[in-house]
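Trainee: Sharing a structure, written as structure tokens. Questions coming.
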Amino acid sequence: MDILPQLLINGLISGSTIALIAVGLSLIFGVLKFMNFAHGEIAMLGAYFYYYFFITLGWPVLPSMAITVALCAFVGFLFNRFIFWPLRKESQWTLLIVSVGVGMLIKNSVQLVASGSTRTYSQANEPSVVHHFFGDALIITSNQILIIVSAFVLMLGLFFFLKYSKLGKSIRALSDNMSLAGVVGIDIRRSVDWIFVLSSAIAGFAGILIAYEESLTPNMGQHLSILAFVAVILGGLGSIPGALVGGLLIGLLQDVGTGLTIGGYSIPSSYKSLIAFSVLILFLLFRPRGLFGISLEEDKSQKE
Amino acid sequence: MLIISHLTASYGGPTIIKDVALEINEKEIVTLIGPNGAGKSTVLRSIFGITQLNKNSSIRFFDQELTGLSTQEIVQLGITYDPQGRTIFPSLTVDENLDMGAYLLIDSNLVRERKDYVYKEFPRLKERRDQKSKTLSGGEQQMLAIGRCLMLSPKLLLLDEPSIGLAPKIIAEVFEKLVQIRDSGVSILMVEQNATQALKISDRAYVLELGENRLTGTGHELLKNPEVKKLYLGA
Ligand SMILES: Nc1ncnc2c1ncn2[C@@H]1O[C@H](COP(=O)(O)OP(=O)(O)O)[C@@H](O)[C@H]1O
Ligand SMILES: [Mg+2]
Chain X
18 MDILPQLLIN GLISGSTIAL IAVGLSLIFG VLKFMNFAHG EIAMLGAYFY YYFFITLGWP
78 VLPSMAITVA LCAFVGFLFN RFIFWPLRKE SQWTLLIVSV GVGMLIKNSV QLVASGSTRT
138 YSQANEPSVV HHFFGDALII TSNQILIIVS AFVLMLGLFF FLKYSKLGKS IRALSDNMSL
198 AGVVGIDIRR SVDWIFVLSS AIAGFAGILI AYEESLTPNM GQHLSILAFV AVILGGLGSI
258 PGALVGGLLI GLLQDVGTGL TIGGYSIPSS YKSLIAFSVL ILFLLFRPRG LFGISLEEDK
318 SQKE
Chain Y
1107 MLIISHLTAS YGGPTIIKDV ALEINEKEIV TLIGPNGAGK STVLRSIFGI TQLNKNSSIR
1167 FFDQELTGLS TQEIVQLGIT YDPQGRTIFP SLTVDENLDM GAYLLIDSNL VRERKDYVYK
1227 EFPRLKERRD QKSKTLSGGE QQMLAIGRCL MLSPKLLLLD EPSIGLAPKI IAEVFEKLVQ
1287 IRDSGVSILM VEQNATQALK ISDRAYVLEL GENRLTGTGH ELLKNPEVKK LYLGA
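As you go down the protein sequences, you meet chains X and Y in turn.
Per the working numbering, residue 18 is the first one in the first sequence, and the count goes up by one each step.
Per the working numbering, residue 1107 is the first one in the second sequence, and the count goes up by one each step.
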């Protein structure tokens, strides 16, 4: 039990980054009604862009982050404008398959350019300051503190944006009833552009955070898409707070589940994904509407 | 104020309405009745530019031709539209639904003013302003949809079956509100299945059949018209 605080912190770190990706997935689902399996790849791109500016070119942290986030937002915008938006009237299954294809395109492009090798930020970077709490029961680096704080600040910012800003309200209106949103004069195409820009910027930032903790591989994006998908189902379709809570829970369950030894039994950490998928299957079987939302079957909201 | 002539429209396939003519004067309630599938909703959608119009079609609002304008431009000119079906944003609060009605209004003082006006007209909405709109009763949801349309202080209101799914007592309330709105200077063009009650409050009405004009007259004339009685008033 001594290691529980440590596991909780580790879970919170991975969970908050999954939550950031899941919230974008949920926003996109809200308007175009499909699961965008290319979304995790944007986070992977973010990690690689940041590696290029921060490590390869040696730029300072903030400019590297700013350009990374901007590039990810732009990539998201382009994929929407040229692929998803023109196909918006197709069935959600068509869009889903297309998004898987787009994801492969992004992954293979990165593999080609970065030659598929594994990289870590720490190779080129001095280790960050380490803090000890409760004796040695909880060890947390400055970087990890920054990750948790910035992820939570971003989530809070997004919450206030969606709740109070005009664009935020119109995005929620659009998810509720797209044809009615058009009738009151909301520019639907522009709003959907903004959703992709926003979601992709957040995913890119999440990618940067993840890369501070884990090594970079071109395969990480696929994995992140799936974890974010599980988080959205867990939280409940159509619920933004649900996606956030779902992401945090998945992170916590994975780390706590593989870290604890109970009665001599433990799950090896290479089985982390097993936990995520078990949770997905259990929820689909017993509570398809997730914690706060509606189920895929109940989602009768019409396409435009 | 609105003159529709030679309106021929489709959804990209077969022609749905053909050579329809219609006129709405200031401070009038004009009702469009007719059997299911006659093309009543299509007339309203055509005014809002969401159908494909034949070249000869003309929709004039004061001195402005509406055909070819974007939804935003039409709304800015002072026409708001409550489409058929569930026409609220269910997960938004009552207050946020009204905000969406004023989406094209930049001046936030004006938005507040308009909202005060709508809340004064619909006190029950005010009581529920921070509730999610899906928790409202059917009648309240319809009032909210009408309130949303009033947020831009329109000159002309288009309503597609405002009484659908409501109890008779609530329908009477809704129609009474429409009369008040008309008396405050807003013209209303509405589509109704509930012909008897609708004709009673209508200054004039049109009967549409198979996408074409069939009959027209004042509300009272049509109420007494034997053909209308037989077909739509269940007499
Ligand atoms: N979005 C659409 N696409 C294609 N056809 C449509 C569409 N909406 C309505 N129609 C067709 O147009 C005709 C008239 O419909 P509508 O205007 O809704 O009639 P009403 O409102 O009088 O019941 C119907 O035959 C209907 O099937
Ligand atoms: Mg209709």
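Glycine residues also receive a C-beta, built at the ideal position from the N, C-alpha and C atoms.
Taking Cβ-Cβ distances below 7 Å as the criterion, which residues of the stretch 166-191 of chain X are in contact with chain Y?
Mentor: Flagged, chain order: K186, S187, R189, A190.
Trainee: When you compare only the Cα positions, how much space is there between K320(X) and T73(X)?
Mentor: Residue mapping note: residue 320(X) aligns to position 303 of the first sequence, counting from 1. Residue mapping note: residue 73(X) aligns to position 56 of the first sequence, counting from 1. For K320(X), the predicted structure reports a pLDDT of 45, less than 50, and the residue's modelled location is therefore unreliable. A value from the coordinates is still provided. Looking at the two C-alpha atoms, the distance is approximately 44 Å.
Trainee: Would you identify the three-state DSSP class for A1144(Y), choosing helix, strand or coil?
Mentor: Here the question's residue 1144(Y) lines up with position 38 in the second sequence. If DSSP states are grouped into helix, strand and coil, A1144(Y) belongs with coil.
Trainee: Rounded to whole angstroms, how far is the Cβ of N1331(Y) from the Cβ of G1323(Y), which I believe are closer than 8 Å?
Mentor: The residue labelled residue 1331(Y) in the question sits at position 225 within the second sequence. The residue labelled residue 1323(Y) in the question sits at position 217 within the second sequence. About 7 Å separates the two Cβ atoms, so the contact holds.
Trainee: What does the alpha-carbon distance come out to for the pair L299(X) and S1197(Y)?
Mentor: As a working note, residue 299(X) is residue 282 in the first sequence. As a working note, residue 1197(Y) is residue 91 in the second sequence. One C-alpha to the other measures close to 27 Å.
Trainee: For I1109(Y), does the three-state DSSP call read helix, strand or coil?
Mentor: To locate residue 1109(Y), count along the second sequence from 1; it is residue 3. Strand, per DSSP.
Trainee: Does ligand 2 have even one heavy atom less than 7 Å from the beta-carbon of D1188(Y)?
Mentor: Sequence index remark: in the second sequence, residue 1188(Y) carries index 82 (1-based). False, no ligand heavy atom lies under 7 Å from that Cβ.
Trainee: Comparing the CB of A1144(Y) with every heavy atom of ligand 1, is any distance shorter than 7 Å?
Mentor: Residue 1144(Y) sits at position 38 when you count from the first residue of the second sequence. Yes; taking the cut-off as 7 Å, the Cβ of A1144(Y) has a heavy atom of ligand 1 nearer than that.
Trainee: Since A1115(Y) and T1148(Y) should fall inside the 8 Å C-beta cutoff, what is the C-beta to C-beta distance between them, to a whole number of angstroms?
Mentor: As a first step, residue 1115(Y) must be located in the second sequence, where it is residue number 9. As a first step, residue 1148(Y) must be located in the second sequence, where it is residue number 42. That pair is a contact at about 6 Å.
Trainee: Between the alpha carbons of G253(X) and F46(X), how many angstroms are there, rounded?
Mentor: As a first step, residue 253(X) is located in the first sequence; it is residue number 236 there, counting from the start. As a first step, residue 46(X) is located in the first sequence; it is residue number 29 there, counting from the start. Taking the straight line from one Cα to the other gives about 12 Å.
Trainee: Tell me which residue opens and which closes the alpha helix (DSSP H) that G1323(Y) is part of.
Mentor: Indexing the second sequence from 1 puts residue 1323(Y) at position 217. G1323(Y) -> not in any alpha helix (DSSP H); beta strand (DSSP E) instead, spanning 1318-1324.
Trainee: For S1147(Y), verify whether its CB is less than 7 Å away from any heavy atom of ligand 2.
Mentor: On the second sequence, position 41 is the one that residue 1147(Y) refers to. Yes, the beta carbon of S1147(Y) sits closer than 7 Å to at least one heavy atom of ligand 2.
Trainee: Please work out which residues of its chain come closer than 6 Å, Cβ to Cβ, to G1140(Y), disregarding the five sequence neighbours upstream and downstream, and give them in chain order.
Mentor: Here residue 1140(Y) refers to the residue found at position 34 when the second sequence is read from its first residue. Closer than 6 Å at the Cβ level, and outside the excluded window around G1140(Y), lie K1146, V1313, L1314, E1315.
Trainee: Using a Cβ cut-off of 8 Å (strictly closer), state whether I45(X) contacts chain Y.
Mentor: Along the first sequence, one-based indexing puts residue 45(X) at 28. False, the Cβ-Cβ gap to chain Y never drops below 8 Å.
Trainee: Note down the Cα distance separating F1228(Y) from R1192(Y), rounded to an integer number of angstroms.
Mentor: Counting from 1 along the second sequence, the entry for residue 1228(Y) is found at position 122. Counting from 1 along the second sequence, the entry for residue 1192(Y) is found at position 86. Near 19 Å, if we compare the C-alpha coordinates of R1192(Y) and F1228(Y).
Trainee: At a cut-off of 7 Å, would you count V1297(Y) as near ligand 2, judging by its Cβ distance to the nearest heavy atom?
Mentor: If you number the second sequence from 1, residue 1297(Y) lands on position 191. V1297(Y) Cβ: within cutoff of ligand 2.
Trainee: Going by the C-beta, is L1117(Y) closer than 7 Å to any heavy atom of ligand 1?
Mentor: By 1-based counting over the second sequence, the position of residue 1117(Y) is 11. Inspection of the sequence shows that residue 1117(Y) is occupied by Tyr rather than by Leu. Answer for Y1117(Y): yes, Cβ within range of ligand 1.
Trainee: Which residue comes first and which comes last in the beta strand (DSSP E) that contains V1126(Y)?
Mentor: Working through the second sequence from its first residue, we reach residue 1126(Y) at position 20. Here the beta strand (DSSP E) through V1126(Y) covers 1121-1130.
Trainee: Inspect the beta-carbon positions of L1203(Y) and L1250(Y) and report whether they are closer than 8 Å.
Mentor: As a working note, residue 1203(Y) is residue 97 in the second sequence. As a working note, residue 1250(Y) is residue 144 in the second sequence. Checking the displayed sequence, the identity of residue 1203(Y) turns out to be Asn instead of Leu. Cβ distance < 8 Å, so N1203(Y) and L1250(Y) count as in contact.
Trainee: Considering Cα atoms alone, identify which of V48(X), Y69(X), G41(X), F51(X) is closest to I59(X).
Mentor: In the first sequence, the residue the question calls residue 59(X) occupies position 42. It is G41(X).
Trainee: What are the boundary residues of the beta strand (DSSP E) that F150(X) is part of?
Mentor: Residue mapping note: residue 150(X) aligns to position 133 of the first sequence, counting from 1. First-last of the beta strand (DSSP E) with F150(X): 147-150.
Trainee: Given F151(X), which residues of its chain have a CB within under 8 Å of its CB, disregarding the five upstream and five downstream residues?
Mentor: Locating residue 151(X) in the first sequence gives position 134, counting from the first residue. Contacts found: P22.
Trainee: Secondary structure at L1272(Y), three-state DSSP: helix, strand or coil?
Mentor: Position 166 of the second sequence, counted from the start, is the residue given in the question as residue 1272(Y). In this structure, L1272(Y) counts as coil in the three-state DSSP scheme.
Trainee: Could you say if the stretch 237-244 of chain X and the stretch 102-112 of chain X meet the contact criterion of at least three C-beta pairs nearer than 8 Å?
Mentor: Because the criterion of three Cβ pairs below 8 Å is not met, the stretch 237-244 of chain X and the stretch 102-112 of chain X do not touch.
Trainee: When you measure from the CB of G263(X) to every non-hydrogen atom of ligand 1, does any distance come out below 7 Å?
Mentor: By 1-based counting over the first sequence, the position of residue 263(X) is 246. No, since every heavy atom of ligand 1 falls outside the 7 Å radius drawn around the Cβ of G263(X).
Trainee: Name, going along the chain, the residues of the stretch 202-213 of chain X whose beta-carbon falls closer than 9 Å to a beta-carbon of chain Y.
Mentor: Going along the stretch 202-213 of chain X in chain order, one finds G202, I203, D204 with a Cβ nearer than 9 Å to chain Y.
Trainee: Looking at chain Y, is there any beta carbon in it that lies within less than 8 Å of the beta carbon of D272(X)?
Mentor: Within the first sequence, numbered from 1, the residue matching residue 272(X) stands at position 255. Closer than 8 Å: no.
Trainee: Can you name the residues of chain Y whose CB is closer than 8 Å to the CB of L104(X)?
Mentor: In the first sequence, the residue the question calls residue 104(X) occupies position 87. Chain Y residues near L104(X): none, gap ~18 Å exceeds 8 Å.
Trainee: Is there contact between the stretch 1231-1242 of chain Y and the stretch 1282-1290 of chain Y, where contact requires at least three CB pairs shorter than 8 Å?
Mentor: Judged by Cβ distances under 8 Å, the stretch 1231-1242 of chain Y makes no contact with the stretch 1282-1290 of chain Y, as fewer than three pairs qualify.
Trainee: Could you round the C-beta distance between H56(X) and S242(X) to whole angstroms and report it? I think they count as a contact, below 8 Å.
Mentor: Position 39 of the first sequence, counting from 1, holds the residue named residue 56(X). Position 225 of the first sequence, counting from 1, holds the residue named residue 242(X). With 8 Å as the limit, H56(X) and S242(X) qualify as a contact, their Cβ atoms being about 6 Å apart.
Trainee: Strictly under 8 Å for the Cβ-Cβ distance: is D1205(Y) near chain X by that measure?
Mentor: Translated into the one-based positions of the second sequence, residue 1205(Y) becomes position 99. Yes, D1205(Y) lies at the interface with chain X (some Cβ there is under 8 Å from its Cβ).
Trainee: Just the C-alpha distance for A223(X) and M195(X), rounded to the nearest angstrom, thanks.
Mentor: Along the first sequence, one-based indexing puts residue 223(X) at 206. Along the first sequence, one-based indexing puts residue 195(X) at 178. One C-alpha to the other measures close to 29 Å.
Trainee: List, in chain order, every chain Y residue whose beta-carbon is nearer than 9 Å to that of V200(X).
Mentor: If you number the first sequence from 1, residue 200(X) lands on position 183. Correct list: F1154, I1156, T1177, V1181, T1186, Y1187, D1188, P1189, T1193.
Trainee: Rounded to a whole number of angstroms, what is the C-alpha to C-alpha distance between K1124(Y) and I1194(Y)?
Mentor: Within the second sequence, numbered from 1, the residue matching residue 1124(Y) stands at position 18. Within the second sequence, numbered from 1, the residue matching residue 1194(Y) stands at position 88. K1124(Y) and I1194(Y): Cα-Cα distance of roughly 31 Å.
Trainee: Step through the CB atoms of chain Y and report whether any lies within less than 8 Å of the CB of L49(X).
Mentor: For this step, residue 49(X) is matched to residue 32 along the first sequence. It does not: the Cβ of L49(X) has no partner Cβ on chain Y nearer than 8 Å.
Trainee: Below 8 Å on C-beta distance, what does N194(X) contact in chain Y?
Mentor: The residue given as residue 194(X) occupies position 177 in the first sequence. The answer, in chain order, is R1192, T1193, I1194, F1195, P1196.
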